[in-house]
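Trainee: One structure follows; several queries about it will come next.
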């Protein structure tokens with residue numbers, strides 16, 4: 007038997023001129039008020055226990071799923087204003103003046119049923135009617151909508167310009183490294199070519215021995231020819247030449263593969279990636295820039311796969327590595343470290359270079375600001391690295407001491423947070 011309080015609250019909810027739906031922890035419909043029944047023509051008794059996404063397919067959208075996730079993880083109320091033509095649930099009715107009004111705002115909140123079961127309340131109400139009651143407000147909304155469209159266009163142009171700037175900086179960096187990459191490829195190709203010339207002579211000697219089989223009158227004579235051509239030495243040296251040539255070709259393949267992995271221009275999708283592989287890829291690309299300036303030490307931890315845009319993270323690693331190499335005046339050490347703490351992964355690049363003056367630390371992320379000599383840098387490396395890390399919802403920390411060196415640590419979330427689109431607030 008229902009208590010007076012329960013009867014009172016049921017009567018209150020049923021009398022409201024807004025939509026109220028009660029959901030269980032799995033988003034199955036428990037109840038809704040008479041307002042929902044009137045506006046949808048659906049009887050709650052016929053749908054009770056069914057998922058809300060089955061009854062109202064419009065709720066199966068990223069915005070609503072994001073609201074649910076936020077309510078579950080934070081345990082707070084989540085508001086959303088549905089400003090587009092697509093509504094959460096298309097509840098529409100005729101107003102006295104003949105205009106169609108629509109419910110455009112929603113409130114989702116978690117609550118515990120008698121302190122035991124987690125449930126969710128979904129409240130929907132019309133804000134369009136309020137806007138229509140004031141011509142000034144309606145005009146303001148129209149103007150605001152136009153401004154929003156203009157702002158969206160500007161943001162789109164800014165993102166395009168930022169992407170182009172990122173690629174320009176990447177190509178500029180690769181251009182600066184091109185001579186080094188060419189040298190890295192030229193070395194193994196050089197000794198492969200030398201080995202091929204040696205093998206050419208060996209093959210001719212082998213053919214002479216083979217041809218002599220048909221001409222000699224005895225095995226002793228054949229043995230003398232083999233001895234004269236140093237057959238035993240040639241046989242062992244051929245194995246070594248082939249092995250060395252294979253290693254040289256593998257080195258070239260590594261460099262080409264690293265350039266391919268590093269240079270994805272159109273990659274914009276977040277996907278799981280191996281951070282250590284990205285670091286090694288980048289080291290292959292910048293090897294010639296570093297090997298004459300520093301010894302590279304790796305202190306890698308055990309990492310999960312990282313949700314990121316790999317080519318952009320590689321860009322950050324490259325910028326930090328090149329800066330570290332340029333900061334070392336004679337010969338020093340660059341230490342690469344990685345680790346995993348909770349929902350975060352971090353990597354850092356530490357050098358034994360000349361360090362950064364404390365007065366300049368607050369300017370290092372400014373576009374076009376650089377402490378390098380003219381022609382040595384664009385001043386965009388750290389600025390773009392900072393933007394990339396922000397895009398990945400991460401952060402950069404730096405510590406430096408003049409004469410001792412600098413350490414940059416980049417923190418990145420293992421999984422990117424679920425973004426709510428539209429006007430949401432907790």
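In this note's numbering, the protein residues as written are 7 to 432.
All C-beta atoms in this analysis are idealised placements derived from N, C-alpha and C, irrespective of residue type, glycine included.
Measure how close the beta-carbons of residue 415 and residue 350 come, nearest whole angstrom, since I'm counting them as under 8 Å.
Mentor: About 11 Å; that fails the 8 Å criterion.
Trainee: Taking all protein chains shown into account, do 16 or more other C-beta atoms lie within 10 angstroms of the C-beta of residue 308, making it buried, or fewer, making it exposed?
Mentor: exposed
Trainee: So, residue 420 versus residue 286, is the Cβ gap smaller than 8 Å?
Mentor: no
Trainee: Mapping DSSP to helix, strand and coil, what is residue 413?
Mentor: strand
Trainee: Under a three-way DSSP split, which group does residue 358 fall into?
Mentor: coil
Trainee: So, with DSSP's three-state summary, where would you put residue 316?
Mentor: helix
Trainee: Using the rule of at least 16 other Cβ atoms within 10 Å of the residue's Cβ for burial, across every protein chain shown, is residue 396 buried or exposed?
Mentor: exposed
Trainee: What does the Cβ neighbour count give for residue 291, buried or exposed, with the cut at 16 atoms within 10 Å?
Mentor: buried
Trainee: Please report the residue range of the beta strand (DSSP E) in which residue 345 lies.
Mentor: 338 to 347
Trainee: Whose C-beta lies closer than 7 Å to the C-beta of residue 70 among residues of the same chain, with five residues either side of it excluded?
Mentor: Within the same chain, 94 come within 7 Å of residue 70 by CB-CB distance, once the 5 residues on both sides are set aside.
Trainee: Pick helix, strand or coil for residue 83, following the three-state DSSP scheme.
Mentor: coil
Trainee: So residue 51 is in the alpha helix (DSSP H); what residue range does that whole segment cover?
Mentor: 50 to 53
Trainee: Spatial neighbours of residue 280 within its chain, please: C-beta separation below 7 Å, excluding the five flanking residues on both sides.
Mentor: Excluding sequence neighbours, residue 280 sits near 311.
Trainee: With a cut-off of 8 Å on the beta carbons, I'd call residue 275 and residue 315 a contact; round off their distance for me.
Mentor: 7 Å
Trainee: Taking DSSP as the reference, what is the three-state secondary structure of residue 243?
Mentor: helix
Trainee: Spatial neighbours of residue 81 within its chain, please: C-beta separation below 7 Å, excluding the five flanking residues on both sides.
Mentor: 116
Trainee: Quick check: what's the CA-CA separation for residue 104 versus residue 155?
Mentor: In this predicted model, residue 104 has a pLDDT of only 47, less than 50, meaning its place in the structure is not dependable; the value taken from the coordinates is given anyway. C-alpha separation (whole angstroms): 29 Å.
Trainee: In the DSSP assignment, the beta strand (DSSP E) including residue 4 goes from what residue to what residue?
Mentor: Residue 4 is absent from the structure shown; the chain starts at 7 and stops at 432.
Trainee: For residue 229, count the other beta carbons within 10 Å of its own beta carbon; 16 or more makes it buried, fewer makes it exposed. Which is it?
Mentor: Under this definition residue 229 is an exposed residue.
Trainee: Do you know whose CA, among 49, 118, 39, 258, lies nearest residue 31's CA?
Mentor: Checked all of 49, 118, 39, 258; the closest Cα to residue 31 is 118.
Trainee: Taking only three categories from DSSP, how would you classify residue 430?
Mentor: Per-residue confidence for residue 430 stands at a pLDDT of 46, beneath the threshold of 50, marking its modelled position as unreliable; no derived number is given.
Trainee: Thinking C-beta only, is residue 29 closer than 8 Å to residue 126?
Mentor: yes
Trainee: Taking the alpha-carbon of residue 33 as reference, which of 298, 44, 53, 18 has the nearest alpha-carbon?
Mentor: 53
Trainee: In angstroms, rounded to a whole number, what distance separates the CA positions of residue 335 and residue 412?
Mentor: 13 Å
Trainee: Helix, strand or coil for residue 105 per DSSP?
Mentor: Because the pLDDT of residue 105 is 48, which lies under 50, any placement of that residue in the model is unreliable, and the number read from its coordinates should be weighed accordingly. Reduced to three states, the DSSP call for residue 105 is coil.
Trainee: Using a Cβ-Cβ cutoff of less than 7 Å, which residues in the same chain neighbour residue 197 once the five nearest sequence positions on both sides are dropped?
Mentor: 250, 254
Trainee: Note down, in chain order, each residue of its chain lying with its Cβ closer than 8 Å to the Cβ of residue 122, except the 5 sequence neighbours on either side.
Mentor: none
Trainee: Does the separation of the CB atoms of residue 342 and residue 302 fall below 8 Å?
Mentor: yes
Trainee: State the Cα-Cα distance for the pair residue 27 and residue 35, rounded to the nearest angstrom.
Mentor: 7 Å
Trainee: Keeping to the same chain, check which residues put their C-beta closer than 8 Å to that of residue 49; ignore five residues upstream and five downstream.
Mentor: 43
Trainee: I need the DSSP call for residue 27, collapsed to helix, strand or coil.
Mentor: Three-state result, residue 27: strand.
Trainee: Count the other C-beta atoms from every protein chain shown that fall within 10 angstroms of the C-beta of residue 14, then say buried if there are 16 or more, exposed otherwise.
Mentor: exposed
Trainee: Using the Cα positions of residue 203 and residue 288, report the straight-line distance between them to the nearest angstrom.
Mentor: 33 Å
Trainee: Count the other C-beta atoms from every protein chain shown that fall within 10 angstroms of the C-beta of residue 213, then say buried if there are 16 or more, exposed otherwise.
Mentor: exposed
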